[in-house]
Amino acid sequence: MKQRAISLSKVTLKLGGSEIYRDVSFDVAEGEFVCLLGPSGCGKSTALRLIGDLLPVQGGTVQVEGLSPAEGWERTAFVFQSPRLLPWKTALENAAFGLAMRHPEIEPADRLARAQRELDHVGLGDDGHKMPAMLSGGERQRVSIARALALDPHIILMDEPFSALDHTTRTRLRQQIVDLWEQTGKTVLFVTHDIDEALFLADRIVVLSNKPTRVEDIVTVSAPRPRDADASPELDRLRQRLINIFETLEGREAAGALAI
Ligand SMILES: Nc1ncnc2c1ncn2[C@@H]1O[C@H](COP(=O)(O)OP(=O)(O)OP(=O)(O)O)[C@@H](O)[C@H]1O
Ligand SMILES: [Mg+2]
Numbered sequence: 000m001k002q003r004a005i006s007l008s009k010v011t012l013k014l015g016g017s018e019i020y021r022d023v024s025f026d027v028a029e030g031e032f033v034c035l036l037g038p039s040g041c042g043k044s045t046a047l048r049l050i051g052d053l054l055p056v057q058g059g060t061v062q063v064e065g066l067s068p069a070e071g072w073e074r075t076a077f078v079f080q081s082p083r084l085l086p087w088k089t090a091l092e093n094a095a096f097g098l099a100m101r102h103p104e105i106e107p108a109d110r111l112a113r114a115q116r117e118l119d120h121v122g123l124g125d126d127g128h129k130m131p132a133m134l135s136g137g138e139r140q141r142v143s144i145a146r147a148l149a150l151d152p153h154i155i156l157m158d159e160p161f162s163a164l165d166h167t168t169r170t171r172l173r174q175q176i177v178d179l180w181e182q183t184g185k186t187v188l189f190v191t192h193d194i195d196e197a198l199f200l201a202d203r204i205v206v207l208s209n210k211p212t213r214v215e216d217i218v219t220v221s222a223p224r225p226r227d228a229d230a231s232p233e234l235d236r237l238r239q240r241l242i243n244i245f246e247t248l249e250g251r252e253a254a255g256a257l258a259i
């Protein structure tokens, strides 16, 4: 069996006095592409923050390659919904910026060379001199992906990275991220609330419930890539299963609201 890249075991969490997690457990294997799917506010971003050591673990266990998040966070890199680029730095400098923060001991020229390689990787090799304002939304997000890749992390944590982009750009970047994942063999944990996005990307989909959050279901997607949900009976069946899960969750939430 492959080594566990990420492991959450019976994780409990309270924030601002309210119970967010009630015994959340799931694993991500080394090299696996897992999507974390669930309704708004269920704690998807929170899972990434626990794994990346941005939020302390209160109960249960979170492990990154067998280490605590405090010991293992450097094996991870984030890609957020908004690219968070520095507007006064070029695309190349932005792509090198994570590396400058995490590894100031690396020579600046080497940092820029690594950043350039990752810009090439995401198809922006000739755009390194441009300022963020000169780039499209999709290009900016690709710079932020290059910034994460430049860190050469074992694990990439992506939090709805394409949700602010238009449909065409989103579709293109989804394919690009699958290509990068196949080329690099990285482990990816990708947060989304889009069922079709999860079906396109994931080896497995971890579905979270409403709060207090548990793992509602774990769905394995074995359809070969590239995937087309409209042309694959397996994906269509899984899509229906996920829609049913969401309808059950919504029904439960409505029932809970009525009880109040
Ligand atoms: N610092 C905090 N104090 C109190 N509550 C918090 C704090 N941070 C997050 N929460 C709550 O924890 C829950 C989970 O938040 P989280 O951002 O992880 O949700 P999410 O699943 O990523 O939602 P979305 O799909 O809308 O991005 C939410 O109900 C949120 O209000
Ligand atoms: Mg979120």
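Residues 0 to 259 in numbering that gives the first Met the number 0 are what the sequence shown lists, from first letter to last. Using N, Cα and C, we set each Cβ at its ideal position, and we do this for glycine too.
Query raised in the report: What separation, rounded to the nearest whole angstrom, lies between the Cα atoms of K38 and R21?
Result: Here residue 38 turns out to be Pro, not Lys, going by the sequence shown. C-alpha separation (whole angstroms): 16 angstroms.
Report task. Specify, as a first and last residue, the run of the alpha helix (DSSP H) that R110 falls within. Result -> 107 to 120 is the span of the alpha helix (DSSP H), which, as asked, contains R110.
Query - With 16 other Cβ atoms within 10 Å as the buried cut-off, status of S208 - result: buried
**Report entry** DSSP three-state assignment for T89, whether helix, strand or coil
**Finding:** Coil, per DSSP.
Query raised in the report: Any chance the segment 221 to 235 sits against the segment 69 to 87, with 3 or more Cβ pairs inside 8 angstroms?
Result: Taking 8 angstroms as the limit for Cβ pairs, the verdict is that the segment 69 to 87 does not touch the segment 221 to 235.
Query raised in the report: Just to check, is the beta-carbon of V78 closer than 8 angstroms to a non-hydrogen atom of ligand 1?
Result: no
Report task. May I have the straight-line CA-CA distance separating F284 from R240, to the nearest angstrom? Result -> Any property of residue 284 remains undetermined from this structure, which presents the chain solely from 0 to 259.
Query raised in the report: What did DSSP end up calling S24 once you bin it into helix, strand or coil?
Result: Correct three-state label for S24: strand.
**Report entry** A76 in three-state terms, based on DSSP
**Finding:** strand
Query raised in the report: ligand 1 heavy atoms versus the CB of L48: any closer than 8 angstroms?
Result: It is Arg, not Leu, that sits at residue 48 in the sequence shown. Yes - ligand 1 has a heavy atom lying nearer than 8 angstroms to the Cβ of R48.
**Report entry** Rounded separation between T183 and T247 - CA only
**Finding:** Those two C-alpha atoms are separated by around 37 angstroms.
**Report entry** Identity of the residues DSSP links to T212 by a beta bridge
**Finding:** Y20
Requested in this report: For H192, verify whether its CB is less than 8 angstroms away from any heavy atom of ligand 1.
Outcome: Yes, the beta carbon of H192 sits closer than 8 angstroms to at least one heavy atom of ligand 1.
Query raised in the report: Do you know how far the Cα of K210 is from the Cα of L84?
Result: 33 angstroms
Query raised in the report: Which one of S231, E18, E29, C34 has the shortest CA to CA distance from H219?
Result: As written in the sequence, residue 219 is Thr, which differs from the His given in the question. Per the C-alpha coordinates, the member of S231, E18, E29, C34 positioned closest to T219 is C34.
Query raised in the report: If you pair each beta-carbon of the segment 5 to 22 with each one of the segment 163 to 173, do three or more pairs fall below 8 angstroms?
Result: Contact between the segment 5 to 22 and the segment 163 to 173 is absent: fewer than 3 CB-CB pairs across the two stretches fall below 8 angstroms.
Requested in this report: Along the beta strand (DSSP E) that carries Q174, what are the first and last residues, could you check?
Outcome: Where Q174 is concerned, there is no enclosing beta strand (DSSP E), although the alpha helix (DSSP H) it sits in stretches over 166 to 183.
**Report entry** Reduced DSSP category for D158 - H, G, I as helix; E, B as strand; rest coil
**Finding:** DSSP places D158 in strand when its eight states are reduced to three.
Query raised in the report: Less than 8 angstroms between the CB of E70 and some heavy atom of ligand 2, yes or no?
Result: no
Report task. Taking 8 angstroms as the threshold, find out whether the segment 81 to 99 comes into contact with the segment 139 to 155 through three or more Cβ pairs. Result -> yes
**Report entry** Own chain residues within Cβ distance below 6 angstroms of G59, not counting five before or after
**Finding:** Around G59: S8, K9, V10, T11.
Report task. Along the beta strand (DSSP E) that carries L12, what are the first and last residues, could you check? Result -> 3 to 14
Query raised in the report: I154 and A76: beta carbons closer than 9 angstroms?
Result: yes
Report task. Could you tell me if P107 is buried or exposed, where buried requires 16 or more neighbouring beta carbons within 10 angstroms of its beta carbon? Result -> exposed
Query - Extent of the continuous beta strand (DSSP E) run through V220 - result: From DSSP, V220 is part of no beta strand (DSSP E); its letter is neither H nor E.
Query raised in the report: How many whole angstroms separate the CB atoms of I217 and F25, which I take to be in contact at a CB cut-off of 8 angstroms?
Result: Taking C-beta atoms under 8 angstroms as the contact rule, I217 and F25 qualify, at a distance of about 7 angstroms.
Query raised in the report: For Q57, does the three-state DSSP call read helix, strand or coil?
Result: The answer is coil: DSSP assigns Q57 none of H, G, I, E or B.
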